[in-house]
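Residue numbers (the working numbering), protein chains in the order written: chain H, 251 to 686; chain F, 251 to 686.
Ideal Cβ placement from N, Cα and C applies to all residues, glycine included.
Protein chains: 2
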Amino acid sequence: MKEVPFDRKVIHAMIQEMGLDMALGSIREMNQLVNDVVKRFDTEFIRMEFGVPGLKAGRIAAEAEAKMLIEDEVANTYPPFQGTPELKSAGSEFCKAFMDMDIPPECVIPTVGSMQGCFIALGLAGFHNPEKSTILFLDPGFPVNKKQVDFYGLNSISLELKDCRGDDLKNEVDRLCREHPIAGCMWSSPNNPAWIILSEDELEGLAEVFDKHGVFAIEDMAYFGMDFRQDYSKPYEPPYQPTIARYMERVFITLSSSKLFSYAGQRCGLALIPPKFASQKFPALQSRFTKPDILGAFVHGGIYPTTSGVPQGPQRGLATLLKATVDGSYSPWESVRTYQHRAAFMKKTFLENGFSLVYDRDRDKPLADGFYFTISYPGMNSGQLAEEMIYYGISAITLDVTGSTQQGLRACVSLFREDQFEILAYRLKRFHEDHQ
Amino acid sequence: MKEVPFDRKVIHAMIQEMGLDMALGSIREMNQLVNDVVKRFDTEFIRMEFGVPGLKAGRIAAEAEAKMLIEDEVANTYPPFQGTPELKSAGSEFCKAFMDMDIPPECVIPTVGSMQGCFIALGLAGFHNPEKSTILFLDPGFPVNKKQVDFYGLNSISLELKDCRGDDLKNEVDRLCREHPIAGCMWSSPNNPAWIILSEDELEGLAEVFDKHGVFAIEDMAYFGMDFRQDYSKPYEPPYQPTIARYMERVFITLSSSKLFSYAGQRCGLALIPPKFASQKFPALQSRFTKPDILGAFVHGGIYPTTSGVPQGPQRGLATLLKATVDGSYSPWESVRTYQHRAAFMKKTFLENGFSLVYDRDRDKPLADGFYFTISYPGMNSGQLAEEMIYYGISAITLDVTGSTQQGLRACVSLFREDQFEILAYRLKRFHEDHQ
Chain H
251 MKEVPFDRKV
261 IHAMIQEMGL
271 DMALGSIREM
281 NQLVNDVVKR
291 FDTEFIRMEF
301 GVPGLKAGRI
311 AAEAEAKMLI
321 EDEVANTYPP
331 FQGTPELKSA
341 GSEFCKAFMD
351 MDIPPECVIP
361 TVGSMQGCFI
371 ALGLAGFHNP
381 EKSTILFLDP
391 GFPVNKKQVD
401 FYGLNSISLE
411 LKDCRGDDLK
421 NEVDRLCREH
431 PIAGCMWSSP
441 NNPAWIILSE
451 DELEGLAEVF
461 DKHGVFAIED
471 MAYFGMDFRQ
481 DYSKPYEPPY
491 QPTIARYMER
501 VFITLSSSKL
511 FSYAGQRCGL
521 ALIPPKFASQ
531 KFPALQSRFT
541 KPDILGAFVH
551 GGIYPTTSGV
561 PQGPQRGLAT
571 LLKATVDGSY
581 SPWESVRTYQ
591 HRAAFMKKTF
601 LENGFSLVYD
611 RDRDKPLADG
621 FYFTISYPGM
631 NSGQLAEEMI
641 YYGISAITLD
651 VTGSTQQGLR
661 ACVSLFREDQ
671 FEILAYRLKR
681 FHEDHQ
Chain F
251 MKEVPFDRKV
261 IHAMIQEMGL
271 DMALGSIREM
281 NQLVNDVVKR
291 FDTEFIRMEF
301 GVPGLKAGRI
311 AAEAEAKMLI
321 EDEVANTYPP
331 FQGTPELKSA
341 GSEFCKAFMD
351 MDIPPECVIP
361 TVGSMQGCFI
371 ALGLAGFHNP
381 EKSTILFLDP
391 GFPVNKKQVD
401 FYGLNSISLE
411 LKDCRGDDLK
421 NEVDRLCREH
431 PIAGCMWSSP
441 NNPAWIILSE
451 DELEGLAEVF
461 DKHGVFAIED
471 MAYFGMDFRQ
481 DYSKPYEPPY
491 QPTIARYMER
501 VFITLSSSKL
511 FSYAGQRCGL
521 ALIPPKFASQ
531 KFPALQSRFT
541 KPDILGAFVH
551 GGIYPTTSGV
561 PQGPQRGLAT
571 LLKATVDGSY
581 SPWESVRTYQ
591 HRAAFMKKTF
601 LENGFSLVYD
611 RDRDKPLADG
621 FYFTISYPGM
631 NSGQLAEEMI
641 YYGISAITLD
651 VTGSTQQGLR
661 ACVSLFREDQ
671 FEILAYRLKR
681 FHEDHQ
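Right, here's the structure in full:
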């Protein structure tokens with residue numbers, strides 16, 4: 251096991267040379283730095299900067315895609331803009347089985363990753379009413395969603411969730427909607443990176459406020475069913491994945507196959523649109539998105555001019571995963587619970603060595619163990635902590651880049667391996683000895 | 251063989267019921283009508299409305315994708331935003347072999363169909379200079395590119411190519427650039443649907459004008475190498491596919507795998523950016539596209555927030571096709587020359603029955619036979635002709651929807667089958683007898 255800390259002067263010089271601001275370093279920049287340090291010191295790292303799947307994808311999906319490409323010879327056929335009938339139906343049934351929601355197949359739109367779904371949903375929200383062009387983010391969150399808002403030339407404002415939950419959350423959103431021209435509001439639940447999860451009463455309260463102010467909701471379900479305090483894995487049986495769509499109509503839900511199914515490489519997600527909302531017309535949409543109705547604008551004004559549909563193979567792959575999850579022959583939760591166990595061990599080890607959780611409670615409940623958690627160390631701001639941790643062979647991005655108002659780091663558990671338990675414990679022990 | 255015309259009254263009522271304006275019917279609407287007519291009269295149609303591949307995709311691509319998905323288990327790994335090293339290198343070598351252009355791998359960007367490449371290129375052109383927000387289209391063209399401009403809220407103007415070629419073209423573009431705030435100019439060559447092809451002296455002239463006025467060029471090579479008057483099929487040997495990038499730097503070239511490789515279903519194209527242009531900085535880009543340099547803005551501000559990269563499988567598929575074409579083990583041109591033969595027969599049959607070609611010459615040369623041609627019939631405008639043809643079992647979209655100023659139809663040869671030669675000849679003969 252390599253001794254830590256590594257040579258501070260050398261690493262600090264490397265950071266200087268890259269021109270890297272450690273408080274604001276992106277995932278990609280942090281990754282570059284870590285690769286260089288790993289090479290320079292011939293060591294391994296505890297890598298927590300990437301929010302990528304650390305598990306293998308279900309083999310049934312790859313096999314189904316391969317079979318289709320070889321046997322059905324569909325590679326020469328443009329996919330329908332609105333998605334393949336197979337995936338639309340599978341998505342609809344998945345919603346029924348695991349959310350208890352009725353979203354008909356025509357309102358289930360395959361997207362090139364949930365990234366494309368968020369991108370189009372933000373555009374429709376931001377331009378549906380000429381008098382409102384601001385997107386409200388419940389933060390912290392996924393930094394790229396803010397880039398999407400920038401892409402459109404729209405405005406955004408941020409509400410920090412840390413000390414604003416329950417009725418406070420509802421009241422604060424209401425105040426912001428009165429004071430700003432808010433067209434849409436976006437969040438993910440479970441939250442990246444705080445892993446706090448909005449509860450049913452909060453979703454109900456938000457829905458009431460959004461409807462009152464005519465605000466579209468964009469509910470990013472990147473981590474669908476990954477609140478491991480609940481067992482969401484049984485089809486057609488409660489408990490069901492919470493969703494604001496139970497309380498309001500004007501919602502886009504984006505589903506990702508990247509985390510729950512570890513299918514990130516094939517870039518296939520789904521956008522779900524409640525049917526009443528899908529047929530609602532907003533004349534302001536027509537000029538940019540070709541059609542005034544939400545569904546038409548999403549498909550013909552959103553999917554078509556950006557990618558002309560989703561590749562055939564990945565649609566088959568995701569359809570296969572959804573169908574097998576619904577019929578019970580495959581359980582993605584069996585795999586992803588690995589993240590829960592890793593998070594529990596890692597958090598315990600950090601807490602034993604002087605660290606605190608930045609987002610430490612989920613209202614009145616302990617925080618769930620999941621894909622991310624957040625850490626701070628006394629007397630250090632985000633940038634200092636990120637740099638000090640590099641000296642000890644541990645990498646993470648700062649909370650600053652997630653839109654959080656807090657000082658600290660986002661830790662992703664996905665790439666942590668069980669054979670690194672000992673290294674993590676040793677490095678954190680050394681870190682703490684050197685800093686207390 | 252079914253007698254034609256079918257019952258005019260019935261068909262006319264169907265059109266009325268759909269609320270379809272035959273002069274402006276989209277491909278999708280025309281397709282819907284034809285499906286209904288086919289069912290109502292239990293007949294087959296000569297379908298010329300779709301610009302989709304009518305050939306099978308190369309099996310090597312499907313096999314390579316299938317092998318990678320099963321053996322390499324990459325489905326859980328996010329593709330790099332800038333594309334896989336394999337496809338970037340294969341694209342670079344393809345450019346060298348068939349265009350004699352040096353585009354290094356880092357300047358070859360995989361996209362989700364060339365649709366995504368055009369979409370991002372139009373955005374970068376339209377926002378690179380705050381004083382210019384108009385896109386000039388050399389028309390007729392692909393209607394969706396105009397929807398892309400609408401998506402951004404940019405403006406567009408159109409220049410009709412029919413009687414504007416050679417020095418006239420250069421002078422007219424120069425005039426438009428003086429009179430309008432033109433930020434970028436887009437066209438495809440071969441042209442959809444006129445199948446006219448800009449010659450080297452025209453490209454050189456346009457480059458001079460664009461450079462003079464600081465206009466970005468967007469050269470859509472959807473029909474790469476499909477000017478069948480030339481043999482572009484020999485790697486590293488002239489003649490080479492013409493490109494404006496031989497004469498100027500500020501060019502985006504978009505390459506499609508849909509037509510040359512019949513790989514439309516997997517949605518994988520390439521954007522090519524000359525290296526000097528790739529590193530050029532335009533500060534106005536930063537706010538929407540994150541980076542001021544063209545390459546950074548394209549990848550981190552364009553690809554990342556829209557789809558977070560291109561699926562892994564399709565990148566392998568296209569890389570396989572490009573490599574095999576470069577090493578000579580596969581020739582896409584052997585297949586696509588089928589379109590040439592179909593076009594020659596179909597055009598002859600139309601001309602023998604009173605039709606004319608709308609775009610009938612390519613400057614001083616006869617028009618090439620390719621994927622599309624354009625037709626008119628004396629005394630009928632676009633909408634009338636489109637409807638009359640339906641009565642005789644032949645479907646096509648009007649030139650009106652392609653941005654053309656001419657009256658007539660776009661005919662796509664791709665779905666025509668050799669066993670339909672006789673039906674086409676009979677139906678056109680009846681059409682002509684009834685209308686002369």
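* Asked: By how many angstroms is the C-alpha of Lys259 of chain H removed from the C-alpha of Trp445 of chain H?
  -> 35 Å
* Residue of F:Met596, F:Gly658, F:Ile494 minimising C-alpha distance to Pro628 of chain F -> F:Gly658
* To do: Please go through the same chain and pick out, in chain order, the residues whose beta-carbon is closer than 6 Å to the beta-carbon of Ala375 of chain H, but skip the five residues on each side of it.
  => Ala433, Gly434, Phe466
* Asked: Do we get a CB-CB distance below 9 Å when we pair Ala472 of chain H with the residues of chain F?
  -> no
* Check each residue of the stretch 528–544 of chain H: if its Cβ is closer than 8 Å to any Cβ of chain F, include it; give the result in chain order. => Ser537, Arg538, Phe539, Thr540
* Partners in chain F for Ser512 of chain H, counting only beta-carbon separations shorter than 7 Å -> Asn326
* To do: May I ask which residues mark the beginning and end of the alpha helix (DSSP H) holding Arg660 of chain F?
  => Where Arg660 of chain F is concerned, there is no enclosing alpha helix (DSSP H), although the beta strand (DSSP E) it sits in stretches over 659–662.
* To do: Spatial neighbours of Ser339 of chain H within its chain, please: CB distance less than 7 Å, with the 5 preceding and 5 following residues excluded, ordered by chain position.
  => Pro355
* Asked: Counting Cβ pairs closer than 8 Å, one from the stretch 329–345 of chain F and one from the stretch 557–576 of chain F, do we hit at least three?
  -> yes
* **Straight-line Cα distance separating Ile261 of chain H from Tyr641 of chain H** => 7 Å
* To do: Return the residue from the list F:Asp669, F:Arg592, F:Arg660 that minimises the CA-CA distance to Ser276 of chain F.
  => F:Arg660
* To do: Show which residues of chain F have a CB atom less than 9 Å away from the CB atom of Tyr554 of chain H.
  => Met365, Val394, Lys397
* To do: Label Tyr580 of chain F either buried or exposed according to how many other C-beta atoms from any shown protein chain fall within 10 Å of its C-beta, with 16 as the threshold for buried.
  => buried
* Starting from Met582 of chain H and walking both ways along the alpha helix (DSSP H), at which residues does that stretch end? -> A quick correction: the sequence has Pro, not Met, at residue 582 of chain H. First-last of the alpha helix (DSSP H) with Pro582 of chain H: 582–602.
* **Interface partners of Gly269 of chain H on chain F, CB under 9 Å** => By Cβ distance, chain F contributes nothing, its closest Cβ being about 14 Å from Gly269 of chain H, past 9 Å.
* **CA nearest to the CA of Gln480 of chain F, picked from F:Glu469, F:Val302, F:Asp470, F:Pro492** => F:Pro492
* For my contact list, Arg677 of chain F and Val254 of chain F are in at a C-beta cut-off of 8 Å; report their separation, rounded to the angstrom. => 5 Å
* First through last residue of the beta strand (DSSP E) which encompasses Cys209 of chain H -> Lying before the first or after the last residue shown, residue 209 of chain H is absent from chain H, which here runs from 251 to 686.
* Asked: Going by alpha carbons, who is nearest to Gly341 of chain F out of F:Thr327, F:Tyr328, F:Ile359?
  -> F:Ile359
* Asked: Starting from Leu527 of chain F and walking both ways along the alpha helix (DSSP H), at which residues does that stretch end?
  -> In the sequence under discussion, the amino acid at residue 527 of chain F is Phe, which differs from the Leu named in the question. 525–528 is the extent of the alpha helix (DSSP H) around Phe527 of chain F.
* **Every unbroken beta strand (DSSP E) inside the stretch 645–685 of chain F [3 residues or more]** => 659–662
* Kindly list, in the order they appear in chain F, the residues whose Cβ is closer than 9 Å to that of Lys306 of chain H. => Glu323, Ala325, Asn326
* Asked: Measuring CA to CA, which of F:Met630, F:Asp610, F:Val608, F:Phe600 is closest to Lys679 of chain F?
  -> F:Phe600
* Are Ser364 of chain F and Leu453 of chain F closer than 9 Å when you measure CB to CB? -> no
* To do: Consult DSSP for Tyr641 of chain F and reduce its assignment to one of helix, strand or coil.
  => helix
* Asked: For Arg278 of chain F, does the three-state DSSP call read helix, strand or coil?
  -> helix
* To do: Quick one: residues in its chain with C-beta nearer than 7 Å to the C-beta of Asp650 of chain H, no 5 flanking neighbours on either side, listed in chain order?
  => Ala273, Leu274, Ser632
* Asked: By how many angstroms is the C-alpha of Gln530 of chain F removed from the C-alpha of Phe527 of chain H?
  -> 44 Å
* Members of the stretch 422–434 of chain H near chain F, C-beta cut-off 7 Å -> none
* Inside the stretch 390–430 of chain H only - alpha helix (DSSP H) runs reaching at least 4 residues -> 393–402, 417–429
* **Of the residues H:Ala371, H:Pro525, H:Leu388, the one placed nearest Phe502 of chain H, counting alpha carbons only** => H:Ala371
* Would Lys462 of chain F be called buried (16 or more neighbouring beta carbons within 10 Å of its own) or exposed? -> exposed
* Leu419 of chain F vs Leu386 of chain F beta-carbon contact at 9 Å -> no
* Within 10 angstroms of the Cβ of Asn285 of chain H, are there 16 or more other Cβ atoms? Answer buried if so, exposed if not. => exposed
* Asked: Does the distance from the CB of Met476 of chain F to the CB of Gly604 of chain F come in under 9 Å?
  -> no
* Can you grab the Cα-Cα spacing for the pair Gly307 of chain H / Glu323 of chain F, in whole Å? => According to the sequence shown, residue 307 of chain H is Ala rather than Gly. Whole-angstrom Cα-Cα distance: 7 Å.
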